[in-house]
Amino acid sequence: MFNRIVEVTGLQKHFGKYEAVKNVSFHADRGEIVGLLGINGAGKTTTIHMLLGLTKPTAGTVRVFGRDIETSRTEILSRVNFASSYIALPYNLKVIENLLVFAHIYGVKNPKNKIEKLLEDFEIHHLRNATSGRLSSGEQTRLNLCKALLNDPELLVLDEPTASLDPDLADKVRKVLQRVNREEGCTLLTTSHNMLDVTELCDRIVFMSAGEVVEEGTSDQILRKYNSDSLEDVFISIARNHSVDGRGDKVASSADLKKVKVS
Ligand SMILES: Nc1ncnc2c1ncn2[C@@H]1O[C@H](COP(=O)(O)OP(=O)(O)OP(=O)(O)O)[C@@H](O)[C@H]1O
Ligand SMILES: [Mg+2]
């Protein structure tokens with residue numbers, strides 16, 4: 001079986017003269033949960049969009065399941081799904097209607113059973129007949145997660161999956177994601193600003209700053225390297241030592257980070 005699920009190599013994205021993603025390479029193997037971290041504007045969402053074939057890279061390659069996203073997008077996407085806290089599903093449809101439409105698009109067998117189970121897992125079953133547009137942001141987030149698991153994806157890409165969730169629901173969502181990963185072997189690639197997501201979920205972290213990967217490893221490896229017991233402190237240290245001049249001109253190199261002691 002092919003074990004390298006995602007392989008991103010030398011990815012770049014320029015918007016006019018602005019280099020949002022300068023040089024990004026990373027991978028995710030089958031069954032791994034990989035966290036893509038970085039300050040606001042680091043290029044995480046842009047990278048994810050290129051990975052899903054939503055944005056065309058300026059340079060570099062994205063391979064998913066061993067195939068190039070540019071030439072095999074339809075085949076790849078049938079085995080992938082995506083959820084973001086910042087994307088709303090059609091607001092005028094009921095929750096159940098939205099999920100039935102997506103289930104139909106994905107060709108899900110027994111969609112009703114699947115949908116009922118997902119609504120229960122994400123604790124929005126009581127909202128099944130509510131119009132999607134009236135959902136709170138935390139409820140929208142969980143509706144998006146239901147949608148993202150409808151097709152039993154082999155790769156689930158998540159952009160800040162717990163951003164709008166209260167701590168209790170964020171914990172429950174992490175447990176559902178962990179179960180999907182362990183029991184169904186789903187590979188996860190997730191961005192997050194919530195360090196609990198990272199410590200509790202991620203096997204490996206890829207840290208981005210100003211469009212580049214500046215650190216990579218397990219949280220233990222990164223904590224040891226920075227001589228810290230807090231991933232939040234390490235994050236702040238990386239962010240502050242990659243301060244930007246104007247839009248994206250890094251004034252500290254990744255080598256400088258090693259010298260930083262978190263106070
Ligand atoms: N279509 C676009 N045109 C011009 N600039 C863009 C475009 N899309 C993104 N950018 C810029 O690229 C940079 C990276 O954006 P991106 O959304 O990838 O960051 P991010 O790491 O996801 O940040 P956040 O943590 O805030 O979500 C930002 O400075 C953003 O303003
Ligand atoms: Mg983003």
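For the sequence shown, counting from 1, position 153 maps to 153 in the numbering used here; every step adds exactly one.
Heads up, the beta-carbon is just placed ideally off N, CA and C, and yes, glycines get one too.
By the criterion of a C-beta distance shorter than 8 Å, leucine 52 is surrounded in its chain by Ile69, Leu77, Val80, Phe82, Val157, once the five residues flanking it on both sides are discounted. Going by DSSP, histidine 27 is part of no alpha helix (DSSP H) but of the beta strand (DSSP E) stretching over 18 to 29.
Annotation for threonine 162 indicates a beta carbon at 7 Å or more from all heavy atoms of ligand 2.
The three-state secondary structure of threonine 46, taken from DSSP, is helix.
In this structure, the beta-carbon distance from valine 206 to valine 213 falls below 8 Å.
For the options Glu139, Leu119, Asn151, the alpha carbon positioned closest to that of glycine 107 is the one of Asn151.
For histidine 242, the secondary structure class from DSSP, reduced to helix, strand or coil, is coil.
Per DSSP, the beta-bridge partners of asparagine 81 are Leu156. Checking the 7 Å criterion, the Cβ of alanine 59 is out of range of every heavy atom belonging to ligand 1. Taking the CA atoms as reference points, leucine 196 sits about 11 Å from serine 230.
The way I'd put it, the stretch 178 to 195 doesn't touch the stretch 92 to 110; fewer than three beta-carbon pairs between them come closer than 8 Å. Around the CB of phenylalanine 15, fewer than 16 other CB atoms lie within 10 Å, so the residue is classed as exposed. Here leucine 135 is near leucine 143, since their CB atoms are less than 8 Å apart.
Beyond the five residues adjoining it in sequence on each side, arginine 73 comes within less than 7 Å, by CB distance, of Gly53 in the same chain, given in chain order. From the listed residues Thr71, Leu100, Glu154, Asp203, the smallest Cα separation to lysine 114 is found for Leu100. Apart from sequence neighbours up to five positions away, the residues of its chain that approach threonine 191 with a beta-carbon distance below 6 Å are Leu36, Lys44, Asp159, Glu160, ordered along the chain.
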